[in-house]
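Heads up: the structure comes next, in structure tokens.
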Amino acid sequence: MAGKWPLIFLTRGFQRSARSGRVETDESGKSSNGCGVRAFGLFWTAFSSIFLCVGLWMTWGALEAWKWKSVPCVIERFEITADQSQEPPFRPDLVYRYELDGRKYTGTRLWTGKEGSDKYEDLAEVRERFTKGPEGRLTELIHVAAECRVKPDEPETSALMSAGSGQIWGGLAFTAFGGFFVLIGLALIFARPGAPVKSISNKGNANHPLAAVIAFLFFGCAGLALLCGFVLPKSFEWFGMRGWKETEAEVIWSRVISKSDSDGTTYAVDIFYRYQIDGQEYRSNRYSVLGGSSSGSKGKNEIVRAHPRKSKLMVFVDPSKPWRAVIHRSLGWWCLVALFPLPFIAVGAGGLWVMYKKRLDGPSVSARPRSSGH
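With the working numbering as the guide, the letters of the sequence shown map in order to residues 477 to 850.
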């Protein structure tokens, strides 16, 4: 019996060493996994911060411009120049005069944040606001009373139009988008390696699954924003276009424009044309309902070749707003864009509904205590 004690002690020593080795291995594995997760979280947070900073910058700039002082002014000239060699090609030829604190100033800026637009209709929409005279539509904007916006600390800095609500909402959308993913990155950085995941089906759990709720809300709100901010307005506009009047127009220029970024190069048809309604000349470069650009230039080059400069084509004109026109008013396969927000809405609403149902149903069967009976 005495000879067995060394063997027993040796066996127990090996068992303790094996257990300690497994513990050390588990701890080192958790440590290495935790470092990898934190490194990815740092990269994720840094990348997402770009969107957050851009959103904050856009929102701040729009809010600052919104606070500019409204001052009476007189428009001396307001025309729209078109030069396809410039970017953007359509710019306001604008001169207005105003007086502040006994000093006279001259302004030439239309917007606070941009010099022009790729869409002629954007400028025409603004110009038409000032053409309504007491005796009808004004053909020339000369000595027209208006209101301009003046920067409080720099009275020589002004713009005819203030920052629109669209700029503010766009900045807030970028901020929310970037902020959501920054929160994900911070959660990865500060998460405890090997921390147990708590079931969301535990009704008595005081720690609510806030991260999951935020994620599902983000997906749902993103889908609703796309649906209400893009799909529905374009759908209503398309339905209204069915009553637009078909009119002959003349092509001023016709080209394919390209835009390159990190995702590649996209192309768009740019046909600038003029037409007449009730003896007044109007211009537009709108080609389709949705606009935008896409990959592939072959089909777009064929469209441009079919409509050379000074050629005639038929366009559809809005009778109530004759400065609005479009060449191609059918949606085609672009109607599939209307389906894009639906998966986001389904994931957001479905996820929240499942979480709600699980909390109402109480603990799952596997989480309930087992009976001690034999």
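Even for Gly, the Cβ is constructed at its ideal location relative to N, Cα and C.
From a predicted model like this one, the values you see are computed outputs, not experimental measurements.
Quiz item: In angstroms, rounded to a whole number, what distance separates the CA positions of Ser773 and Ala744?
Solution: 8 Å
Practice problem: Using the DSSP secondary-structure output, state which residues sit across from Thr723 in a beta bridge. | Solution: Val791
Quiz item: With Tyr572 and Gly589 assumed to form a contact (beta carbons below 8 Å), what rounded beta-carbon distance in angstroms separates them?
Solution: Taking 8 Å as the upper bound for CB-CB distance, Tyr572 and Gly589 are not in contact here, some 18 Å apart.
Practice problem: Counting only runs of 4+ residues fully inside the region 719-787, write out the alpha helix (DSSP H) ranges in chain order. | Solution: 774-782
Quiz item: What's the call for Trp544, buried or exposed, on a 16-neighbour Cβ count within 10 Å?
Solution: buried
Quiz item: Taking just the CA atoms, how far does Pro795 sit from Met717?
Solution: 10 Å
Quiz prompt | Run of the beta strand (DSSP E) containing Phe554, from where it starts to where it stops | solution = 545-558
Quiz prompt | Under the three-state DSSP convention, the category Lys833 falls into | solution = helix
Quiz item: If you compare alpha carbons, which of Val547, Glu757, Pro784, Lys735 is closest to Ser771?
Solution: For the residues Val547, Glu757, Pro784, Lys735, the minimum Cα distance to Ser771 belongs to Lys735.
Quiz prompt | Residues near Asp598 by beta carbon distance below 6 Å, same chain, minus five either side | solution = none
Self-check item: Beta bridge counterpart(s) of Asp569 as assigned by DSSP
Solution: Glu555
Practice problem: Taking all protein chains shown into account, decide if Leu708 is buried (16 or more other Cβ within 10 angstroms of its Cβ) or exposed. | Solution: exposed
Quiz prompt | Per-residue burial, Ser593 [other beta carbons within 10 Å of its own, 16 or more giving buried] | solution = buried
Quiz prompt | Bounding residues of the alpha helix (DSSP H) (the contiguous stretch that carries Val707) | solution = That residue, Val707, is in no alpha helix (DSSP H); it is neither H nor E in DSSP.
Quiz prompt | Buried or exposed by the 16-neighbour rule on C-beta atoms within 10 Å, applied to Lys480 | solution = Since pLDDT at Lys480 reaches only 48, below the 50 mark, its modelled position is unreliable, and no value is offered.
Quiz item: How should Gly824 be labelled, buried or exposed, when 16 other C-beta atoms within 10 angstroms of its C-beta is the threshold for buried?
Solution: buried
Quiz item: Apart from the five residues on each side of it in sequence, which residues of its chain come closer than 8 Å, Cβ to Cβ, to Lys595?
Solution: Phe566, Asn761, Arg762, Gly767
Quiz item: Can you tell which of Ala801, Ala688, Ser764 has the C-alpha that lies nearest to the C-alpha of Trp854?
Solution: Only positions 477 to 850 of the chain appear in this structure, which leaves residue 854 out of reach.
Quiz prompt | C-alpha distance - Thr521 paired with Leu617, whole-angstrom precision | solution = 51 Å
Exercise. Could you check the C-alpha separation between Asn678 and Gly826 for me, to the nearest Å?
Key: For Asn678, the pLDDT reaches just 46, beneath the cut-off of 50, and the residue's location in the model is therefore unreliable, although a value from the coordinates is still provided. Cα-Cα distance, rounded: 19 Å.
Quiz item: So what does Lys627 bridge to, in DSSP terms?
Solution: Glu630
Quiz item: What is the rounded straight-line gap between the Cα of His804 and the Cα of Ala622?
Solution: The straight-line gap from Cα to Cα measures roughly 36 Å.
Self-check item: Residues near Gly680 by beta carbon distance below 6 Å, same chain, minus five either side
Solution: Because the pLDDT at Gly680 is just 43, under 50, the model does not fix this residue reliably, and the point stays unresolved.
Self-check item: Length of the line joining the Cα atoms of Gly517 and Gly661
Solution: C-alpha separation (whole angstroms): 5 Å.
Quiz item: With 16 other CB atoms within 10 Å as the buried threshold, where does Ile551 fall?
Solution: With at least 16 other beta carbons inside 10 angstroms of its own, Ile551 counts as buried.
Practice problem: Look at the Cβ atom of Leu818, then the Cβ atom of Gly699, and state whether they are nearer than 8 Å. | Solution: yes
Practice problem: Using 10 angstroms around the beta-carbon of Tyr832, count the other beta-carbons present and answer buried if the total reaches 16, otherwise exposed. | Solution: exposed
Quiz prompt | Neighbourhood of Lys786 by C-beta, 7 Å cutoff - its chain only, sequence neighbours within 5 removed | solution = Glu726, Val727
Exercise. Compare the Cα-Cα distances from Leu693 to each of Phe666, Phe656, Glu713, Trp714 and report the closest residue.
Key: Phe656
Practice problem: Look at Ser546 and Tyr581 and say whether their C-beta atoms are less than 8 Å apart. | Solution: Going by C-beta atoms, Ser546 is not nearer than 8 Å to Tyr581.
Quiz item: Quick one: is Ile526 buried, meaning 16 or more other Cβ sit within 10 Å of its Cβ, or exposed?
Solution: Ile526 comes out exposed.
Quiz item: Once you ignore the five residues that flank Leu614 on each side, which residues in its own chain have a CB closer than 8 Å to its CB?
Solution: Cβ neighbours of Leu614 beyond the five flanking positions: Phe606, Thr607, Lys608, Val620.
Exercise. Over the uninterrupted beta strand (DSSP E) stretch that includes Arg603, give me the two end residues.
Key: Note, Arg603: premise wrong, no beta strand (DSSP E); alpha helix (DSSP H) at 596-604.
Exercise. Hey, could you find the ends of the beta strand (DSSP E) Arg585 is sitting in?
Key: That residue, Arg585, is in no beta strand (DSSP E); it is neither H nor E in DSSP.
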